[in-house]
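Colleague: For the sequence shown, position 56 matches number 78 in the working numbering, and the numbering has no gaps at all.
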Amino acid sequence: MTDLTKNPDLRLRDKPDDFFGDWKWREGLAELMVPIIGRLYRNGVNVLMYGHSLINQSPIEIMKSHRFIRRVEDTEISELETYPFLQRIELKILKIVRLI
Numbered sequence: 023m024t025d026l027t028k029n030p031d032l033r034l035r036d037k038p039d040d041f042f043g044d045w046k047w048r049e050g051l052a053e054l055m056v057p058i059i060g061r062l063y064r065n066g067v068n069v070l071m072y073g074h075s076l077i078n079q080s081p082i083e084i085m086k087s088h089r090f091i092r093r094v095e096d097t098e099i100s101e102l103e104t105y106p107f108l109q110r111i112e113l114k115i116l117k118i119v120r121l122i
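#1: May I have a chain-ordered list of the alpha helix (DSSP H) segments no shorter than 4 residues that lie completely inside the segment 35-84?
#2: Restricting to runs no shorter than 4 residues, where is the alpha helix (DSSP H) found entirely within the segment 83-116?
#3: Is the number of C-beta pairs between the segment 51-64 and the segment 72-84 that are closer than 8 Å three or more?
#4: Do you know how far the Cα of Ser80 is from the Cα of Met23?
#5: Give me the Cα-Cα distance between Ile99 and Arg92, rounded to the nearest whole angstrom.
#6: Here's a check: name, in chain order, each residue in its chain whose Cβ is nearer than 6 Å to the Cβ of Ile58, leaving out the five neighbours to either side.
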């Protein structure tokens with residue numbers, strides 16, 4: 023039997039001790055994503071999550087997009103992973119990118 027904990031596609035996020043604090047932290051990251059997504063869009067980069075554009079989305083809608091992926095893929099994708107990724111893309115200003 024293989025060790026499923028080493029496969030990032032099968033990982034599950036630990037349940038936080040403070041659910042409200044975790045929610046506020048992720049909501050804050052989603053709020054920080056909004057201007058980055060806007061700047062990327064003005065530079066010709068459309069940020070999509072499973073084909074759904076994040077342009078002009080509120081922080082709550084961005085969080086709902088993350089939740090949708092968690093339900094579809096049955097794996098974890100968190101704002102904690104997405105935010106630094108968007109920062110790196112913004113710094114490099116990649117014009118033609120398709121990441122699945």
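Just so it is clear, CB atoms sit at the ideal spot from N, CA and C, and this is done for glycine as well.
What you are looking at is a predicted structure, and each value in this text was computed from that prediction instead of being measured.
Modeller: The relevant details are as follows:
#1: As for any alpha helix (DSSP H) of minimum length 4 sitting wholly inside the segment 35-84, the runs are 41-64, ordered along the chain.
#2: Every alpha helix (DSSP H) of 4 residues or more that sits fully in the segment 83-116 is shown, in chain order, as 101-114.
#3: Between the segment 51-64 and the segment 72-84, the count of C-beta pairs closer than 8 Å reaches three or more; the two stretches touch.
#4: For the purposes of this step, residue 23 is identified with residue 1 of the sequence shown, where counting begins at 1. For the purposes of this step, residue 80 is identified with residue 58 of the sequence shown, where counting begins at 1. Since pLDDT at Met23 reaches only 44, below the 50 mark, its modelled position is unreliable, and the value read off the structure follows with that caveat. The straight-line gap from Cα to Cα measures roughly 43 Å.
#5: In the sequence shown, the residue the question calls residue 99 occupies position 77. In the sequence shown, the residue the question calls residue 92 occupies position 70. So the two alpha carbons sit approximately 6 Å from each other.
#6: Counting from 1 along the sequence shown, the entry for residue 58 is found at position 36. Non-local beta-carbon contacts of Ile58 in its own chain, meaning distances under 6 Å to residues more than five positions away in sequence, involve Leu108 and Glu112 in chain order.
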